[in-house]
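For what it's worth, my numbering labels the leading residue of the sequence shown as 4, then goes sequentially. For glycine and all other residues, C-beta sits at the position ideal for the given N, C-alpha and C. One structure is given below, encoded as C-alpha cells.
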Amino acid sequence: MDINFELYKVFYFAARHLNFSTAAEKLYVSQSAVSQSIKLLEKNLNTKLFFRHAKNMKLTSEGETLYKHIEQAFNFIKSGERALFEIDNLMQGEIHIGASDTICKYFLLPYFKKFHEEYPNIKIHITNRPSPICVDLLKSGSIDIAVVNLSNKYNYKNLNIKSVKDIQDVFIAGEKFRNLENKVVKLKELEKYPILSLEKNSTTRTFFDELIKNNDISISPEFELDSIDLLVEMTKIGLGISFVMEDAIKNDLNNGTIFKLNIKEEIKIRSIGVVTNNRLPLAPAGKKFVQMFEKDNIL
C-alpha cells in the first residue's frame, strides 16, 4: 500500500486534537485541506477513521488502532530529531578511532583526556591495530578516524591526511652492550649483534627493513614482537639491540636503563598522521576530535 505520508501527518494532528480546525492551525493549512486529506486517507485505507456529529468528533475503533501506531511513529521521529540535535551539539554521540598501542600510549592519551573532559557524553571506541590495518579499517568504514605512522608504501587514495607529529626512530641497547655507548656505530656493524624488532605487519618494521636494505645490510631479527614496551624490556635485559620510536623510551633514557646508539648514517624522520575517509561523512564528534590536533597546547 503506497500512501503519501503527509496524509498520516494530517491524521495524527486531527486524531490528537479531535478537531479539524485545530489540526489545520498546527499544520498551517486550511480546514478544508485537512478534511480533504482525511477523506483521501479513508478512501485509500478503505475504512472510516472518524465519527462526526455536529461539532463533536471521535475516532472509530479502526481510527484508534491506527492512531496508536501513528503516535508511536511520530514519537520515534521526534526522538530521532532530538538525538540529531544532541549529536550536532556534541551532547551525545560516539567516535571510532583506530591506532596502534604505541601511538595510543605515547601520543594520543593527552588528546583522549582533553576530549573527554570537554565532551564527557561522547563515547570513544578505540581499535588497537598496526597502522596498515587501521588504514584498511578506515577505507572499509569500520572506523571514523585512523591515527597512524605514515608511509609512502601505502595507498592513501580517497583519504584525507593531516601530518600532526614528527617522530624519530633510534637504535637502543642495554647494559650488556654498554661498550657501544660512546662510539659512532655504522649500520653495517649491527650485523654482528642480535637485533630485536617489531613484527612485519607494522609501519615501523617496514621502515626498518627499508633502512637496512638501502644500506646494503643483512640482518635477520632474532626476536619479532608486536609490542614496543616488550621490545624495550627485552633490550634492558640484554637480549639484543632494538629499533624503536624515540618518544617511547624517554623515561628509560633518563633513568639510564638503556641508551641510544650513535649511528653514523642518517635515519630519516617520519610522521604520525590523522587520517579520515573522504568518501564517508564525519560526524560532529569526529570533526571536533580532528580539530584538536590543530591546537599546540595539548601536548
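* Asked: How about residue 26 and residue 125: do their beta carbons lie closer than 8 Å?
  -> no
* To do: Using DSSP bridges, identify the partner residues of residue 201.
  => 228
* Please specify which runs of the beta strand (DSSP E), each continuous and at least 3 residues long, are wholly inside the region 15 to 91, giving them in chain order. => 53 to 56 and 59 to 62
* Hey, residue 43 and residue 10: beta-carbon distance below 8 Å or not? -> yes
* Contacts around residue 202, its chain only, beta-carbon distance under 7 Å, and the 5 residues preceding and following it disregarded -> 208, 227, 228 and 229
* To do: Identify whether residue 169 lies in helix, strand or coil by the three-state DSSP scheme.
  => strand
* To do: Kindly list the residues whose CB is nearer than 7 Å to the CB of residue 16, restricted to its own chain and excluding five residues on each side of it in sequence; keep chain order.
  => 26, 29 and 30
* Reducing DSSP to helix, strand and coil, say where residue 181 ends up. => helix
* **Unbroken alpha helix (DSSP H) run spanning residue 210, endpoints** => Segment 206 to 217, the alpha helix (DSSP H) holding residue 210.
* Could you work out which residue in 261, 238, 40 and 258 is closest to residue 200 when comparing CA atoms only? => 238
* Asked: In terms of residues, what are the limits of the alpha helix (DSSP H) holding residue 257?
  -> 253 to 258
* Asked: Taking the alpha-carbon positions, what's the residue 215 to residue 83 distance?
  -> 56 Å
* What residues in its chain sit with their C-beta under 6 Å from that of residue 179, if we drop five residues either side in the sequence? -> 241
* Report yes if the CB atom of residue 173 is closer than 8 Å to the CB atom of residue 275, and no otherwise. => no
* What residues match up with residue 245 in a beta bridge as DSSP calls it? -> 175 and 199
* Flag this pair as yes or no: are the beta carbons of residue 152 and residue 273 separated by less than 8 Å? => Here residue 152 is near residue 273, since their CB atoms are less than 8 Å apart.
* Best match in 278, 243, 99 and 65 for proximity to residue 296 [C-alpha to C-alpha] -> 278
* Would you decide whether residue 94 is buried or exposed? Buried here means 16 or more other CB atoms lie within 10 Å of its CB. => exposed
* Between which two residues does the alpha helix (DSSP H) carrying residue 136 extend? -> 134 to 143
* Would the region 176 to 195 and the region 261 to 270 be scored as touching if the rule is three or more Cβ pairs under 8 Å? -> Contact holds: three or more Cβ-Cβ distances are below 8 Å.
* Asked: Can you find at least 3 beta carbon pairs, one from the region 32 to 43 and one from the region 87 to 102, that sit closer than 8 Å?
  -> Because the criterion of three Cβ pairs below 8 Å is not met, the region 32 to 43 and the region 87 to 102 do not touch.
* Asked: Do you know how far the Cα of residue 12 is from the Cα of residue 112?
  -> 49 Å
* **Reduced DSSP secondary structure (H/G/I, E/B, other) of residue 106** => helix
* Same chain, Cβ closer than 8 Å to residue 90, five either side skipped, listed in chain order -> 96, 286, 287 and 288
* **Opposing strand residues paired with residue 188 [DSSP bridges]** => 266
* Asked: How many whole angstroms separate the CB atoms of residue 50 and residue 67, which I take to be in contact at a CB cut-off of 8 Å?
  -> Contact between residue 50 and residue 67 is ruled out by a C-beta separation of about 12 Å, above the 8 Å threshold.
* Expressed to the nearest angstrom, what Euclidean distance is found between the alpha-carbon atoms of residue 300 and residue 264? -> The pLDDT assigned to residue 300 is 43, lower than 50, so where the model puts this residue is not dependable; a value taken from the coordinates is nonetheless given after this. For residue 300 and residue 264, the distance between alpha carbons rounds to 31 Å.
* Nearest-angstrom Cα separation, counted from residue 123 out to residue 302 -> Below a pLDDT of 50, predicted positions are generally treated as unreliable, and residue 302, at 38, falls in that range; the measurement from the model is reported next regardless. Going by the C-alpha atoms only, they are around 20 Å apart.
* Whole-angstrom distance between residue 161 and residue 36, CA atom to CA atom -> 49 Å
* Asked: Do residue 148 and residue 247 have their CB atoms nearer than 8 Å?
  -> no
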